[in-house]
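Mapping the sequence shown onto the working numbering, position 157 (from 1) lands on 166, and the numbers just tick up by one.
Using N, Cα and C, we set each Cβ at its ideal position, and we do this for glycine too.
For clarity, every value in this text was computed on a predicted model and none was experimentally measured.
To start, the structure itself, in structure tokens.
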Amino acid sequence: MKKIYEGKAKILYQLEDPETILMVFTNQATALNGKRKEDIAGKAILNTQISTLIFEWLESVGIATQFIKKIDDDRQVVKRLEMIPLEVVVRNRVAGSFAKRFGLEEGGVLSKPTVEFFLKDDELDDPFVNVSQLTSLNKITEEECQTISDLALKINDKLIQLFDEAGLILVDIKFEFGKDSSGNIILGDEISPDNCRLWDKVTEEKLDKDRFRRHLGSLTDAYEEVSKRLDAVIAHQK
Ligand code: UDP
């Protein structure tokens with residue numbers, strides 16, 4: 010199989026059918042834009058489980074995604090997309106780089122969700138970029154920015170509800186989008202506690218990658234808990 014991309018937490022291979030890709034999750038956890046790396050046994054399997062649950066659920070509520078099927082503990086077959094090199098962050102509460110940039114305490118509830126774009130470029134440390142810059146640099150059209158922003162907010166709204174039923178607060182989340190063979194912009198990549206912040210609704214305990222970033226205790230115990238809760242909520246809905 011031809012490797013077409015190797016990221017920090019996933020490796021992609023081209024499958025025989027040119028429209029499909031094999032997405033292999035890895036155990037690698039990174040922080041500080043890849044400067045700190047660690048292998049965490051069990052993370053790949055947990056993220057595959059969690060991302061599969063979420064993508065299947067999103068499809069069931071009418072959101073088009075890259076996901077096709079999970080074929081193994083740490084593998085999914087996904088649609089080939091032409092990825093848009095953006096990290097699209099939606100924030101519901103103040104945390105992380107947003108807290109730092111604006112000198113705010115973590116946890117404050119924003120009056121409405123906010124969308125931010127970061128250019129996906131490790132060498133540049135994923136710089137913050139606005140719509141004017143993106144369109145001037147011919148990275149993407151204004152119309153595409155609007156579509157992405159609307160989609161990100163819509164998916165965020167749906168996920169707030171799903172996580173709420175699982176007793177979790179969705180603090181913020183990073184999405185990636187791509188174009189399918191017909192040119193439609195659809196949700197790609199993964200959704201797991203590696204790329205969103207999830208706090209327990211009652212205790213506000215962090216159940217996401219901040220445990221690794223800030224040395225707050227076992228990552229896999231938290232991911233296991235998220236997986237278990239989502240599984241129960243989704244099974245109950247069926
Ligand atoms: N995020 C991500 N990949 C990145 C940077 C951020 O998935 O390369 C996620 C992160 O997990 C959080 C959200 O995007 O849920 C907002 O992250 P923030 O900008 O606060 O950055 P960080 O605190 O990671 O520096």
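- [ ] Take I13 and list the residues in its own chain whose beta-carbon comes closer than 6 Å to its own, dropping the five residues that flank it on each side.
- [x] L21 and Q23
Open item on the list: Using only the alpha-carbon positions, how far apart do D81 and L62 sit?
Closed with: The alpha-carbon atoms of D81 and L62 are separated by roughly 14 Å.
Open item on the list: Could you check whether the Cβ of A241 sits closer than 7 Å to any heavy atom belonging to the ligand UDP?
Closed with: no
Open item on the list: Considering only their Cβ atoms, is the gap separating I195 from V99 smaller than 8 Å?
Closed with: If you check the CB distance, V99 and I195 do not come in under 8 Å.
- [ ] Please determine, among G116, G16, T144 and T39, the residue with the shortest C-alpha to C-alpha distance to R220.
- [x] T39
Task: D81 CB to nearest heavy atom of the ligand UDP below 7 Å - done: no
Task: Q75 versus G51, L207, C205 and D189, residue with shortest Cα-Cα distance - done: D189
Task: F107 beta carbon near the ligand UDP (any heavy atom closer than 7 Å) - done: yes
Open item on the list: Could you check if K210 belongs to the surroundings of the ligand UDP, using beta carbon to heavy atom distance under 7 Å?
Closed with: Distances from the CB of K210 to the heavy atoms of the ligand UDP are all 7 Å or more.
Open item on the list: Which same chain residues end up closer than 7 Å to E115 when comparing Cβ atoms and leaving out the 5 residues on each side of it in sequence?
Closed with: When the five nearest sequence neighbours on each side are left out, the beta carbons in the same chain lying within less than 7 Å of the beta carbon of E115 are those of V103, A104 and A108, in order along the chain.
Open item on the list: Rounded to the nearest angstrom, what separates R89 and A50 at their Cα positions?
Closed with: 28 Å
Task: At least 3 beta-carbon pairs within less than 8 Å: the segment 121 to 133 vs the segment 223 to 231 - done: no
Task: I20 - DSSP class collapsed to helix/strand/coil - done: strand
Open item on the list: Am I right that L171 and L207 are in contact with their C-beta atoms under 8 Å? What's the rounded C-beta distance?
Closed with: Contact doesn't hold; Cβ gap of about 11 Å is too wide.
Task: Boundaries (first-last residue) of the beta strand (DSSP E) holding Q155 - done: Careful: Q155 lies outside any beta strand (DSSP E), inside the alpha helix (DSSP H) at E151 to E174.
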